[in-house]
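Student:
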Amino acid sequence: MATHLPLGLGIVAARGSGGVNAAERAAWLRDELHRHNRLYYVDNAPEISDTEYDRLLRELSDLETAHPELLTPDSPTQTVGVAPVAAFGEVRHRVPMLSLDNAFDEAELQAFDQRVRRFLAQDEPVRYVVELKLDGVSLSLTYEDGLLTQAATRGDGTTGEMVTANARTVRGVPLRLAGAAPGLIEIRGEVLMTRADFARLNDEKLARGETPFVNPRNAASGGLRQLDSRLTRERRLRFFGYTFGAIEGPAVPEDQGARLAWLREMGVPVAAHAEECPDIEAVIQAIARVQAQRPDLPFDIDGVVIKVADGALRERLGDTARGPRWAIAYKFPAEQAMTRMHAITWQVGRTGLVVPVAELDPIYVGGVTISRATLHNPSELRRKDVRVGDTVIVQRAGDVIPEVVGPVLERRPEGTEPVPVPTECPVCGTPLLYGEGDILLRCSNKRACPAQLLAGIIHFVSRGAMDIAGLGEKQIQFFLDKGWISDIPSLYELGRHREAMVNEPGLGQQSVDNILAAIEESKTRPLSRVIIGLGIRFVGEKTSIDLATAFGNLDALAVADEARLQAVPDIGERTAAEIVTWFADDENQTLLERLKAHVNPTLADLEPLGDQFAGQTVVFTGKLETMTREEAEAYVRRHGGTPAGSVSKKTNLVVYGPGAGSKLAKAEQLGVPLMTEAEFCEQYRPLESP
Ligand code: IVH
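Each residue of the sequence shown is one higher than the one before, starting from 6 at the first, in my numbering.
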């Protein structure tokens with residue numbers, strides 16, 4: 006290989022006529038890019054900037070385009086993802102991917118150590134390695150003669166899903182192993198999303214009005230199972246190896262420490278922090294150190310894995326059906342902390358639900374500082390009997406809302422009282438009603454309760470609904486206080502108060518005009534967004550789209566009865582009843598009339614245009630790229646068909662785009678005819694119809 010070429014020099018030289026020939030240059034670029042991948046993902050010691058890396062990659066890609074014969078399967082250009090597959094194949098693991106037993110406290114760790122030593126009939130201590138328990142999804146990579154040939158998820162441990170194309174896009178997965186690789190080796194490890202990438206991807210999702218990921222693990226697991234590997238790549242997933250499956254060839258190093266070092270030599274990233282411990286006491290101390298470092302780690306862990314260090318002892322210990330006898334997972338408890346609760350407030354939400362909220366002295370837990378935590382509902386409050394002045398335990402698990410676990414009774418001050426449950430709305434004074442099996446407390450003053458009004462307007466302007474930028478909770482409250490707005494439709498009459506607004510200190514002409522422009526611009530939102538904005542219970546994004554598609558305008562939706570609503574695929578009894586109740590309400594009717602004077606989108610007129618889909622049910626799934634889902638479904642309806650949200654034996658056609666998942670798989674299984682979006686457009690030309 007032409008590794009003697011100095012870094013960065015050849016970009017010009019390769020294109021020049023003299024110098025290096027294309028094959029040599031491509032080989033050099035491949036090696037160089039592999040080397041930089043290792044420096045970055047394995048050694049954490051990059052030598053060049055991302056831009057520089059991208060330049061080298063681009064050069065290689067250009068060379069391969071010009072000389073397709075130079076493309077090799079392990080080329081670093083082969084990590085960008087390929088066109089979607091219809092479904093994943095199955096892979097039977099050569100060696101099962103077992104699970105691990107769990108320990109939750111010190112006593113269980115001691116018991117594990119004793120089991121190990123009893124089994125080995127050994128009095129002296131056993132050495133262990135403590136590794137991070139990475140909170141992602143496990144992946145098995147098969148290399149034949151050093152080349153990545155297959156990647157599989159764990160599945161049920163015996164059979165997994167073949168996700169090779171996706172795995173190629175995961176950062177840190179070598180397409181070729183470095184050094185003298187065995188004839189066959191399965192490398193096993195975890196695919197995860199770093200906290201930084203998670204935060205960035207969620208910011209981007211929110212900016213696009215999409216639902217954010219719940220936590221990095223879900224994002225990683227969903228990412229690895231995308232049918233379109235280009236979408237997997239966008240998630241910027243990372244791989245870390247920790248063990249092997251089948252191996253043909255050289256003997257595996259004896260010790261776990263040496264095995265991890267071997268993985269790194271082969272170019273596989275290994276999570277830092279693996280620590281060898283001479284005995285179980287040292288393990289317990291090491292765990293405390295990991296726990297202290299946990300908030301500062303670049304990714305989530307849900308515990309540590311403790312493994313017998315010596316490979317020969319592992320052999321003797323063997324496996325049970327569940328997992329190896331030589332390893333155990335120590336699971337961290339959900340992150341908890343103690344703090345003082347100085348008050349309980351009752352928060353009134355958009356739908357009138359009244360929820361007890363603990364007001365706390367600020368406390369750092371699970372990587373964030375919190376000062377409020379939910380107590381869920383009055384019956385939970387009574388059960389936990391937390392009192393104002395109590396020291397309470399708060400808990401944050403994953404990305405869920407922090408909650409109060411309970412009081413620390415030993416620290417309860419004198420003279421506390423159980424917290425009374427209000428009988429009247431804390432905001433508007435209306436008597437509260439119990440509903441839902443007497444668990445949920447609700448304010449029935451739907452229209453005039455200021456808290457519900459505020460929450461309703463916040464919902465209407467939010468990204469997922471009308472997406473009116475620059476209008477946050479503070480502004481809305483301020484405008485309400487000033488009397489400039491009084492409800493949702495009045496937002497569209499805000500312009501009348503422009504003069505007063507501009508003269509308000511702290512607002513200023515520019516920001517007022519920006520807000521007014523954003524409100525004006527929101528008039529162009531599609532029908533489904535307006536329906537979301539109404540804030541009908543159980544009517545979220547998916548249902549709103551279904552309703553928009555089925556009814557085409559607000560008037561038709563407003564007069565639909567329950568039977569007609571339930572005829573819309575995926576709309577059930579409960580949702581249909583809520584919709585009918587909402588539109589039957591006099592005040593809602595007035596609100597709707599006023600709103601329609603400003604915002605009244607319709608799906609392109611709904612008169613029939615043809616009958617190619619007469620009597621047929623068509624499902625669109627995945628991301629559509631050239632048309633909106635509404636357009637696609639409206640097209641089907643206007644040509645006599647019924648767009649549906651789920652696939653069954655009765656489905657006549659499934660049109661799929663990137664990211665299609667279970668619906669596509671089901672369609673395949675049922676033998677429903679399939680089309681890509683491009684094929685659909687080619688055959689029917691939906692975007693050209695008047
Ligand atoms: S070793 C025989 N090491 O935890 C199983 N697993 O609860 C060998 N995991 O399925 C697994 N970090 O997905 C091992 N450092 C680590 C790990 C780890 C995370 C996952 C893995 C496994 C699960 C078991």
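Every residue, glycine too, gets a C-beta built ideally from N, C-alpha and C.
Tell me which residue opens and which closes the beta strand (DSSP E) that Gln341 is part of.
Tutor: Gln341 -> beta strand (DSSP E) spans Glu340 to Val353.
Student: To which residues of the same chain is Gly316 closer than 6 Å at the C-beta, ignoring the five residues directly before and after it?
Tutor: If we look at Gly316 and ignore the five residues flanking it on each side, its Cβ neighbours are Glu259.
Student: At what residues does the alpha helix (DSSP H) containing Cys454 begin and finish?
Tutor: It is not in any alpha helix (DSSP H) - Cys454 carries neither H nor E in the DSSP assignment.
Student: Are the segment 324 to 342 and the segment 354 to 363 in contact at 8 Å, needing three or more beta carbon pairs?
Tutor: Not touching, per the Cβ criterion.
Student: Should Pro695 be labelled buried (16 or more other beta-carbon atoms within 10 Å of its own) or exposed?
Tutor: Because Pro695 sits at a pLDDT of 39, beneath the cut-off of 50, its placement in the model cannot be relied upon, and the following sentence gives the value as read from the coordinates. The residue is exposed, with fewer than 16 neighbouring Cβ atoms inside 10 Å.
Student: Using 8 Å as the Cβ pair cut-off and three pairs as the minimum, do the segment 84 to 102 and the segment 178 to 193 touch?
Tutor: Yes, they touch.
Student: Taking all protein chains shown into account, do 16 or more other C-beta atoms lie within 10 angstroms of the C-beta of Ile292, making it buried, or fewer, making it exposed?
Tutor: Classification for Ile292: buried.
Student: In its own chain, which residues sit with a C-beta less than 6 Å from the C-beta of Tyr689, not counting the 5 before and 5 after it?
Tutor: Taken in chain order, the list of residues that qualify is empty.
Student: Hey, would you say Leu139 sits closer than 8 Å to Ala314, going by beta carbons?
Tutor: Not in contact: Leu139 and Ala314 (Cβ atoms no closer than 8 Å).
Student: So, for Glu578: in the same chain, excluding its five sequence neighbours on each side, which residues have a beta-carbon less than 7 Å away from its beta-carbon?
Tutor: Answer for Glu578: Gln571, listed in chain order.
Student: I need the straight-line Cα distance from Val455 to Gly488, nearest angstrom please.
Tutor: At residue 455 the sequence reads Pro, which differs from the Val that was named. Rounded to the nearest angstrom, the two C-alpha atoms are 12 Å apart.
Student: Alpha carbon to alpha carbon, how far is Val168 from Asp79?
Tutor: Distance between the alpha carbons of Val168 and Asp79 is about 16 Å.
Student: Give the range of the beta strand (DSSP E) segment to which Ile576 is assigned.
Tutor: Looking at the DSSP string, Ile576 is not in any beta strand (DSSP E), and its letter there is neither H nor E.
Student: How should Arg501 be labelled, buried or exposed, when 16 other C-beta atoms within 10 angstroms of its C-beta is the threshold for buried?
Tutor: When all chains shown are included, Arg501 counts as exposed.
Student: Please go through the segment 520 to 544 and give each complete alpha helix (DSSP H) segment of 4 or more residues, from N-terminal end onward.
Tutor: Segments of the alpha helix (DSSP H) lying fully in the segment 520 to 544: 532 to 539.
Student: Give the secondary structure of Asp610 by DSSP, where H, G and I count as helix, E and B as strand, and everything else as coil.
Tutor: For Asp610, the pLDDT reaches just 46, beneath the cut-off of 50, and the residue's location in the model is therefore unreliable, leaving the point undetermined.
Student: Can you list, in chain order, the residues of its chain with a C-beta nearer than 8 Å to that of Val564? Leave out the 5 residues immediately preceding and following it.
Tutor: Same-chain partners within the cutoff: Phe588.
Student: Please report the Cβ distance between Gly627 and Pro663, rounded to the nearest whole angstrom; I am assuming they are in contact, meaning their Cβ atoms lie under 8 Å.
Tutor: So it is a contact: roughly 6 Å between Cβ atoms.
Student: What is the DSSP secondary structure of Phe124, reduced to helix, strand or coil?
Tutor: Phe124 falls in the helix class under three-state DSSP.
Student: If we ignore side chains and look at the alpha-carbon of each, how far apart do Phe244 and Ile333 end up?
Tutor: Rounded to the nearest angstrom, the two C-alpha atoms are 21 Å apart.
Student: Just reading off the alpha helix (DSSP H) that Gln290 is part of, what are its end residues?
Tutor: Note, Gln290: alpha helix (DSSP H), Ile285 to Gln298.
Student: Confirm, please, whether the CB-CB distance from Ile541 to Ile584 is below 8 Å.
Tutor: Contact: yes.
Student: Please determine if the segment 51 to 60 and the segment 91 to 106 are in contact, where contact requires at least 3 C-beta pairs separated by less than 8 Å.
Tutor: No, because fewer than three Cβ pairs between the segment 51 to 60 and the segment 91 to 106 fall closer than 8 Å, the two stretches do not touch.
Student: How many Å lie between Ala703 and Glu270 at the Cα?
Tutor: Here the chain has residues from 6 to 695 only, and residue 703 is not among them.
Student: Locate the beta strand (DSSP E) running through Ile398, then write down its first and last residues.
Tutor: Here the beta strand (DSSP E) through Ile398 covers Thr396 to Arg401.
Student: Which value, in whole angstroms, describes the spacing of the CA atoms of Leu189 and Phe249?
Tutor: Rounded to the nearest angstrom, the two C-alpha atoms are 11 Å apart.
Student: At what residues does the alpha helix (DSSP H) containing Asp36 begin and finish?
Tutor: It spans Ala27 to Asn42 - the alpha helix (DSSP H) in which Asp36 sits, taken as one unbroken run.
Student: In the DSSP assignment, find the beta strand (DSSP E) that holds Gln155 and state where it starts and stops.
Tutor: Its beta strand (DSSP E) spans residues Leu152 to Thr158.
Student: Just checking my contact of Ile306 with Leu137 at CB under 8 Å: how many whole Å lie between their CB atoms?
Tutor: Yes, they are in contact, since the Cβ atoms of Ile306 and Leu137 sit about 5 Å apart, within 8 Å.
Student: Are the Cβ atoms of Leu38 and Leu65 separated by less than 8 Å?
Tutor: Yes, the Cβ-Cβ distance between Leu38 and Leu65 is below 8 Å.
Student: Assuming contact is defined by CB atoms lying nearer than 8 Å, are Gly165 and Ala157 in contact in what I supplied?
Tutor: Yes, these two residues count as a Cβ contact at 8 Å.
Student: Any contact between the segment 320 to 327 and the segment 118 to 125? By contact I mean 3 or more CB pairs, one from each, below 8 Å.
Tutor: They touch, by the three-pair rule.
Student: Since Val641 and Ala672 are thought to touch, with beta carbons under 8 Å apart, how far apart are those beta carbons, to the nearest angstrom?
Tutor: Contact doesn't hold; Cβ gap of about 16 Å is too wide.
Student: What's the call for Val677, buried or exposed, on a 16-neighbour Cβ count within 10 Å?
Tutor: Classification for Val677: buried.
Student: Terminal residues of the continuous alpha helix (DSSP H) containing Glu636?
Tutor: Where Glu636 is concerned, the enclosing alpha helix (DSSP H) stretches over Arg634 to Arg643.
Student: Grouping DSSP H, G and I as helix and E and B as strand, with all else coil, what is Glu687?
Tutor: In the structure shown, Glu687 sits in a helix (DSSP, three-state: H, G or I).
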